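Worksheet: one structure, shown below.
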Amino acid sequence: MKNLRLVLGDQLSTAVSSLSDIDRQSDVVLMVEVEDEAGYVRHHKQKLVLVLSAMRHFAARLQQRGYRVDYVKMDSDGNTGSFSGEVKRALDRHRPERLVVTEPGEWRVRAMMERWQQDLGVPVEIRDDDRFLCSLEEFSQWAQGRKSLRMEYFYRNMRKKTGWLMDGDKPVGGEWNYDKQNRKPLPKGMGYPDRLRFDVDDITRDVMQLVARRHDTHFGDLEPFQWATTREDAKRALEHFTTDCLPNFGDYQDAMKSGEDFLFHALLSPYMNIGLLDPHEVCEAALKAHDQGQAPLAAVEGFVRQILGWREYIRGFYWLHMPAYPDSNYLNAKRPLPDFFWTAETDMNCLRQAIETTRRHAYAHHIQRLMITGNFALLASLSPAEVEEWYLVVYADAFEWVELPNTHGMALFADGGILASKPYAASGAYINRMSDYCADCRFSPSKKLGEGACPFNYLYWNFLISKRDLLEGNPRMGLAYRNLNNKPESELEEIVAQSGEFLDALENDRA
Ligand code: FAD
Ligand code: DLZ
Ligand code: SF4
């Protein structure tokens, strides 16, 4: 046999570089279900089902197309439980001349792969992952010599490179970014689209039984499982999004509502991240909707920016800064993660809603992740490592290349501002403006201190007080510190005292 081609659980595309020059007669595709990947963090049950079921469907699709596939199931005899162990066993079975892989999405797996040639005694070719719109080399060239790596400038470059939403060398409509139009609260009486849900077939049912048997203690509800696990269904999800949600995506991108877990969000990140959809085709579908007059420019620009801008930028950023990136802890945050992040048992309704959504669907939308759970973790000085592990566990779309910069850099400001120009810290007033959560909360967003005051209110000021030496010099924090400095000393003392009591009690919320 000539080449053994390893395809990982987040590389489920026939266009992946490891398969590009495959000889279907003489090469074998290797896919392995391994306990190490299910357990290196205790992934949400639905994330396990999504990845393993999508792997099995993908293997079946390859076989139908005449590929030779060697597929190792999780509970098959002799499964060693690790990528290295399963690659070694497959090398013994097939004796290939060469092992071909596409670079993985996580540093720890890349480090493992780089040892294989020496440890396993076979030539190993690690190919670029060209499913992204910006190569790692291109990103590092863009980053070279820049003092700060702001996404907005990267995004403009990518717009010029792709020609998307460009009118010659000018942005269509005259602006690069229409975010000013994209921050509306939800109007009363608004209707929401019924989201497409996918039936569980025999393959998915088998995987659900496997997960129930082996991973029952992991976080999250196993049922109802409604994610797509095939490319065909993921394409239907894309079509549904562009038709039914995209026109309103921009306007209400930052809004939150009880009982409406998805609003107008795409629900496409898991599919792009595991290979069922290509980011290129997702952006082109949105651009087509704009060309055909089905979605306004602000919505389409906002959506394309998330993928062409943020998603690509985050990936380049991860590889540029690894492996040292998670070691920083600029704000010296050390408090352990409270148990309610797992149980949702808290009186703070916004947090309860965001965590319950997460438990139900392995999903919460961006503003819930950033401005509810992320904002709380920032204000309460929760340990970055513990918070990062939580985000990696609980979301179906979580892979370290995308989870880590978003959590460590964007939500927690633990890198001291390499990714974001200022911390995304907000008080209860913001949450009240952008959601209906406060109406059903035992706390009041308009109360700043004392019994019934919203904890986000005093924690916000306490955060500014306690991190003054690290943040006051930041030009984008000027207004916040001017407001803080106008407060009388007695109020500052009360803020610190009430926050101290709250945070001490939080440390007792441990399982
Ligand atoms: P939409 O809101 O509809 O956005 C469309 C698409 O844009 C998404 O599918 C996604 O591919 C892309 N996108 C938007 N924002 C980002 C971003 N900041 N970074 C990368 N891509 C983006 N996204 C993940 O894919 N995996 C993660 O593990 C992850 N962890 C996050 C952790 C935190 C603390 C925060 C603040 C954000 C995180 N995000 C992560 C980014 C974002 O929240 C999700 O991509 C988005 O919520 C996915 O839902 P959607 O498909 O409905 O997205
Ligand atoms: C997330 C995941 C899980 C749960 N299981 C597997 C698996 O059994 N086999 C596999 O090839 N990939 C799995 N994955 C995805 C990997 O964790 C992912 O490929 C690496 O983290 C590199 O990004
Ligand atoms: Fe959250 Fe405060 Fe509003 Fe309650 S009052 S939902 S804690 S922001």
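Residue 252 is where the sequence shown starts when you use this note's numbering, and the numbers rise one by one after that.
We put the beta carbon where it would ideally sit given N, CA and C, even for glycine.
Remember, predicted model here, so these are calculated numbers, not experimental data.
- Residue pairing for Tyr322: DSSP places it in a beta bridge opposite Met282.
- The beta carbon of Ile682 sits closer than 6 Å to at least one heavy atom of ligand 3.
- For Arg733, the enclosing alpha helix (DSSP H) stretches over residues Gly729 to Asn736.
- Going by DSSP, Glu403 is part of the alpha helix (DSSP H) stretching over Met402 to Thr413.
- If you measure from each CB to the nearest heavy atom of ligand 2, the residues under 6 Å come out as Leu259, Gly260, Asp261, Val283, Glu284, Val285, Glu288, Ala289, His294, Leu299, Val302, Pro355, Gly356, Glu357, Val360 and Phe650.
- In terms of Cβ geometry, Ile565 and Pro656 form a close pair [threshold 7 Å].
- Here DSSP, grouped into helix, strand and coil, assigns Ile746 to helix.
- Note on Arg344: under 16 other CB atoms within 10 angstroms of its CB, so exposed under the neighbour-count rule.
- Of all C-beta pairs linking the segment 506-513 to the segment 465-476, fewer than three are shorter than 8 Å, placing the two stretches out of contact.
- Residue pairing by DSSP places Ile623 opposite no residue, since no beta bridge is assigned to it.
- Straight-line measurement puts the Cα of Gly317 at about 49 Å from the Cα of Met441.
- Taken through DSSP and simplified to helix, strand or coil, Val302 comes out as helix.
- Burial check for Ala536: the Cβ neighbour count within 10 Å reaches 16 or more, so the residue is buried.
- Residue pairing by DSSP places Glu511 opposite Lys508 in a beta bridge.
- If you check the CB distance, Ala665 and Ser579 come in under 7 Å.
- Secondary structure at Thr353: strand, using DSSP grouped into helix, strand and coil.
- Under a 10 Å Cβ-count criterion, Glu357 is classified as buried, with 16 or more other Cβ atoms of the shown protein chains found around its own Cβ.
- Remark: C-beta atoms of Asp370 and Thr353 do not approach each other more closely than 7 Å.
- When the alpha-carbon of Leu489 is set against those of Asn725, Gly567 and Leu518, the nearest one is in Leu518.
- A distance criterion of 6 Å places the beta-carbon of Asn600 in contact range of ligand 3, judged by its closest non-hydrogen atom.
- Segment contact: the segment 581-593 against the segment 745-761, three or more CB-CB distances shorter than 8 Å; contact assigned.
- Annotation for Ile669 indicates a beta carbon at 6 Å or more from all heavy atoms of ligand 1.
- Here the distance from the Cβ of Phe707 to the nearest heavy atom of ligand 3 is below 6 Å.
- Below 8 Å, enough C-beta pairs join the segment 604-618 and the segment 642-659 to call them touching: three or more.
- In this structure, Tyr688 has its CB closer than 6 Å to one or more heavy atoms of ligand 3.
- DSSP places Glu376 in the strand class (E or B) of the three-state scheme.
- By the Cβ test, the segment 440-460 is in contact with the segment 302-313, since at least three Cβ pairs between them sit closer than 8 Å.
- The Cβ-Cβ distance between Val551 and Cys534 does not fall below 7 Å.
- Taking the C-beta atoms as reference points, His659 is found nearer than 7 Å to Pro635.
- Separation of the CB atoms of Leu630 and Phe707 is rounded to 7 Å, and the pair is thereby assigned contact status at 8 Å.
- Residue side-chain check: Glu654 places its Cβ nearer than 6 Å to a non-hydrogen atom of ligand 1.
- Spanning the alpha carbons of Arg361 and Pro574 requires a straight line of approximately 11 Å.
- Between Lys296 and Leu473, the C-beta spacing is below 7 Å.
- The continuous stretches of alpha helix (DSSP H) do not include Asn330, and DSSP gives it neither H nor E.
- For ligand 3, a non-hydrogen atom lies closer than 6 Å to the CB of Phe694.
- A residue is called buried once 16 or more other Cβ atoms fall within 10 Å of its Cβ, and Glu563 is buried on that count.
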